[in-house]
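There are 4 protein chains.
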Amino acid sequence: MVLNMEKQKRQAILGKAREWISANGFSNFTMSKLAKFCGIAKGTLYNYFDNKEDLMVKVVEDRVVEIHREVDEILGGAQDAEEKLRSMIRQGLEFYRDNVDLLIVYANEVKIADCKFPSSATAHGRFLREHLDWFVSRFEQLLAGMGIKRERRLLAYLFHQSLENVMSFNMLFGRELDIDRDANLLYSFYFHGVEAFQ
Amino acid sequence: MVLNMEKQKRQAILGKAREWISANGFSNFTMSKLAKFCGIAKGTLYNYFDNKEDLMVKVVEDRVVEIHREVDEILGGAQDAEEKLRSMIRQGLEFYRDNVDLLIVYANEVKIADCKFPSSATAHGRFLREHLDWFVSRFEQLLAGMGIKRERRLLAYLFHQSLENVMSFNMLFGRELDIDRDANLLYSFYFHGVEAFQ
Amino acid sequence: MVLNMEKQKRQAILGKAREWISANGFSNFTMSKLAKFCGIAKGTLYNYFDNKEDLMVKVVEDRVVEIHREVDEILGGAQDAEEKLRSMIRQGLEFYRDNVDLLIVYANEVKIADCKFPSSATAHGRFLREHLDWFVSRFEQLLAGMGIKRERRLLAYLFHQSLENVMSFNMLFGRELDIDRDANLLYSFYFHGVEAFQ
Amino acid sequence: MVLNMEKQKRQAILGKAREWISANGFSNFTMSKLAKFCGIAKGTLYNYFDNKEDLMVKVVEDRVVEIHREVDEILGGAQDAEEKLRSMIRQGLEFYRDNVDLLIVYANEVKIADCKFPSSATAHGRFLREHLDWFVSRFEQLLAGMGIKRERRLLAYLFHQSLENVMSFNMLFGRELDIDRDANLLYSFYFHGVEAFQ
DNA sequence: CATGAATGAGTATTCATTCAT
DNA sequence: CATGAATGAATACTCATTCAT
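These protein sequence lines map, in sequence, to chains A, B, C and D.
Start counting the first sequence at 1; every next residue gets the next number (the working numbering).
Start counting the second sequence at 1001; every next residue gets the next number (the working numbering).
Start counting the third sequence at 2001; every next residue gets the next number (the working numbering).
Start counting the fourth sequence at 3001; every next residue gets the next number (the working numbering).
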């Protein structure tokens, strides 16, 4: 049970970290501030995490584990391909809505290091890379199921980015997220292109 | 000609800065490292730029000025709307090709500050924001000319991001950029959606 | 007792700071030099003081708190006005004797900022200002009690400065401080003017 | 005449330096700012002055030469001793009025270095020291002429400081300088002490 | 003589990490 | 295991001074 306790404490710290980062952003995040926010000593953090980078990766890790589970659920379900696509859009938007601060900030911050360095040595980079590969390969199958013949990998990536782009559009241009409306919009755009908006 | 010399040196420093950032990313960029990389003293940098932020903005500024000019040229030309769309895709891809490292990295880094803090006080934030507003409003007109009735602003933003997404896809997945092929792909995707790939 | 240890260390640093400043002056005082002089790391200073200004204010703060207490004791006592004046002179000279280097230097340095910029935003300036106002208003009452009818504020200020002037005279002209003699001298000068020396 | 030209240029630079310092204070004074303010190159300053300290001493030097001349005129005149004292007070207040920013600031800044280090190695220190010695010894003679028997040196120094103290009182407490009134006040205070204000 | 670009040591401050308790 | 004081390398920026032109 000691291990279990340890795991619980780790999770508690991660929860606090998410809370802090969502409220204050990644850039100002320091180990001291986190320790104080958790009400524990700085040194204690290092009993649960190797270093800051390790902690920061784990901050998003289980969120992504969660999304992976949900994606698998959708893709493994009984819906037809288009229904699955619609479901994934909804699920993606809901996911971003629930983790919006954390994930947008994170996604961008990681990309700094990693777009530039696909073979990046940072833990961030490796982590994002794994997630992307996982997501893209799953989504390629869906596209195959929809009869898409060409460029499935690129299209899968563009799908992944589209979700984020809608979210960042809303933030940048002060538009409220409306899951129903935006899911429909995104479906139309992604499936039929802009000509659907004529 | 003294002024000219000064301008040349400023440009030389900016060139070195671009080189360094392309190779190492924005996040680790420091004035000391740049000075060493340029083979000059730290203080010298401050003879040419007010401060780090000033330098970093100028690193992208003239690149963006260039793209603005080219966009205006296309949009003000005699082509019909679809031709203009195609031209903008080509121009965008070419632009990214020529400045790929710098601009993808930059776009992402700025988004960290600015998605999270849309009213960011950083020069970076203000600069990207201006560019985005400029681009989106121009592109909205083009979409209007193409008979797009709804959500033109969102669609304009998605276009802007699509170019970047194609580039980052190529980088992340080790695919070579082929302007002809990718311009056609992007046109199909953007105009007709994924169903064009069936 | 941990808090006590912290307080002790803070006091130890302040003591070292006073020692350094007394030996080398305020103008050349830097955090690096102090750290080296204390035999600790630069960062450690910042565990005990918010910043340089904070430290520099605290360097004099408790000394001045001490003098305020003593002044209140004298003024609130049972002596008649002239006796109180004599006591304050003695107390002032003793105080300067015990803190001579630090306080003379400090008083002058602050005046630079504050004569020139009376509404100075520096913590130094605010601190000296408060002290001056406090002292002058207290001393005005004493002068009133002595039957002084005009220009009490100016005379109070001149008293405050006289103490410092005697000390700096001794330092500049290599004269030994003799509390009895100098207190009498100052009393005669302040109360009767130079004609008392005829 | 070359030497003359050189002297003129030196004087012109000193005038500009005084102008700048009076307006902006000593603390922010830099060689670059002065050069720009003079409309000449930084390096040129070093053709006329050995270094910054040299320049800063010369900034006050001829002002003090002037006051020395005036003091000699008064002391060498036909007035009786008390009249001479009155004249010196007026002359001192007028002098401070005309050079108030420069001299108060300077006097204080120098004292930082020099109260602390009577044997200071700085040019500032040496210069102030010389001036003080000069003034005090002259004024001692005046006091002797007034029949002052004891402590003439100290009293001379206190006189010197009194002038400055009245000026700084006016600045700190927002009181307007009134030469007639303040000269009388200072005479009363210095000659008869505070009891004259009963 | 005049220039002003270049220098580099120096400033205050931050923060991930360590380690003795 | 928990602590948190201590560390010191790193950061952006300044400025008196030099020297090649």
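Each residue gets a CB set at the ideal place from its N, CA and C atoms; glycine is no exception.
Note that the coordinates shown come from a computational prediction; the quantities given were computed from them, not determined experimentally.
So, is B/Asn1051 buried or exposed, given that buried needs 16 or more other C-beta atoms within 10 angstroms? exposed
Could you work out which residue in A/Ser87, A/Leu172, A/Leu14 is closest to A/Arg63 when comparing CA atoms only? Nearest option by C-alpha distance: A/Leu14.
Within 8 Å of any Cβ in chain C, is that where the Cβ of D/Arg3086 sits? Taking Cβ atoms only, chain C never reaches closer than 8 Å to D/Arg3086, which makes this a no.
Assign B/Arg1175 to one of three DSSP states: helix, strand, or coil. coil
Select from C/Lys2042, C/Cys2038, C/Val2057 the residue whose C-alpha is nearest the C-alpha of C/Arg2126. C/Val2057
Report the CB separation of D/Lys3084 from D/Leu3142 in whole angstroms; it is logged as a contact under 8 Å. 6 Å
Report yes or no: is there a C-beta of chain A within less than 8 Å of the C-beta of B/Val1194? yes
Can you find at least 3 beta carbon pairs, one from the segment 3036-3052 of chain D and one from the segment 3157-3176 of chain D, that sit closer than 8 Å? Too few Cβ pairs lie closer than 8 Å, so no.
Count the CB pairs spanning the segment 3063-3074 of chain D and the segment 3032-3046 of chain D that are closer than 8 Å, and state whether there are at least three. The segment 3063-3074 of chain D, when compared against the segment 3032-3046 of chain D, does not touch it at the 8 Å Cβ threshold.
At 7 Å on the CB atoms, spell out the chain A contacts of B/Gly1147, in chain order. Going along chain A in sequence order, the residues near B/Gly1147 (Cβ under 7 Å) are Gln198.
Can you tell me whether DSSP reads C/Ser2029 as helix, strand or coil? The question names Ser, but residue 2029 of chain C in the sequence shown is Phe. Here C/Phe2029 sits in coil by DSSP.
Can you confirm whether D/Gln3008, when its beta carbon is compared against all beta carbons of chain C, has any partner nearer than 8 Å? In terms of beta-carbon proximity, D/Gln3008 stays away from the interface with chain C, with every pair separated by 8 Å or more.
Tell me whether the beta-carbon of A/Ile89 lies closer than 8 Å to the beta-carbon of A/Tyr157. no
In whole angstroms, what is the alpha-carbon distance linking C/Asn2184 and D/Leu3132? 24 Å
What did DSSP end up calling A/Ile13 once you bin it into helix, strand or coil? helix
Please confirm whether A/Ala17 has its beta-carbon closer than 8 Å to some beta-carbon of chain B. no
Using a 10 Å radius around the Cβ and a threshold of 16 neighbouring Cβ atoms, would you call D/Ser3027 buried or exposed? exposed
C-beta atoms of C/Ile2040 and C/Leu2093 nearer than 8 Å: With contacts defined by Cβ atoms closer than 8 Å, C/Ile2040 and C/Leu2093 do not form a contacting pair.
Can you check whether the CB of A/Arg153 is closer than 8 Å to the CB of A/Val136? Yes, the pair counts as a contact, with Cβ atoms nearer than the cut-off.
Neighbour-count burial assignment, A/Gly76, 16 or more Cβ in a 10 Å radius: exposed
Within the segment 2037-2114 of chain C, note down every full alpha helix (DSSP H) run reaching 4 residues or more, in order along the chain. With a minimum length of 4 residues, the continuous alpha helix (DSSP H) runs that stay inside the segment 2037-2114 of chain C are 2042-2048, 2052-2075.
Is there a Cβ from chain A that is less than 8 Å from the Cβ of B/Phe1095? no
If you measure from the beta carbon of C/Ser2162 to each beta carbon in chain D, is any gap under 8 Å? yes
Work out the CA separation of A/Tyr96 and B/Ser1087 for me, nearest whole Å. 33 Å
Would DSSP call B/Lys1149 helix, strand or coil? DSSP places B/Lys1149 in coil when its eight states are reduced to three.
Which whole-angstrom value describes the C-beta separation of B/Lys1009 and B/Tyr1048, a residue pair presumed to lie in contact below a C-beta threshold of 8 Å? Cβ atoms of B/Lys1009 and B/Tyr1048 come within 8 Å of each other, at about 6 Å.
Indicate whether A/His192 and B/Gly1193 have their beta-carbon atoms separated by less than 8 Å. Yes, these two residues count as a Cβ contact at 8 Å.
Using beta carbons (cut-off 8 Å, strictly below), is C/Asn2165 in contact with chain D? Interface annotation, C/Asn2165: in contact with chain D, CB-CB separation under 8 Å.
Using the Cα positions of B/Glu1073 and A/Ser168, report the straight-line distance between them to the nearest angstrom. 28 Å
Chain A contact for B/Cys1115 (CB, 8 Å cutoff): For B/Cys1115, the predicted structure reports a pLDDT of 39, less than 50, and the residue's modelled location is therefore unreliable. A value from the coordinates is still provided. By this cut-off, B/Cys1115 is an interface position.
With a threshold of 16 other CB atoms inside 10 Å of the CB of B/Gly1025, please say whether the residue is buried or exposed. It is buried - the Cβ of B/Gly1025 has at least 16 other Cβ atoms within 10 Å.
Residues that A/Glu82 contacts on chain B, provided the C-beta gap is smaller than 7 Å: Under the 7 Å cutoff, chain B gives no residues; its nearest Cβ is about 10 Å from A/Glu82.
Which residues in chain A have a C-beta closer than 8 Å to the C-beta of B/Glu1151? List them in chain order. Leu185, Phe197
Assign A/Glu61 to one of two classes, buried (16 or more other C-beta atoms within 10 Å of its C-beta) or exposed (fewer than that). Exposed, by the Cβ-count rule.
List the residues of chain C that D/Leu3155 touches, going by C-beta distances under 8 Å, in chain order. Phe2189, Val2194, Phe2197
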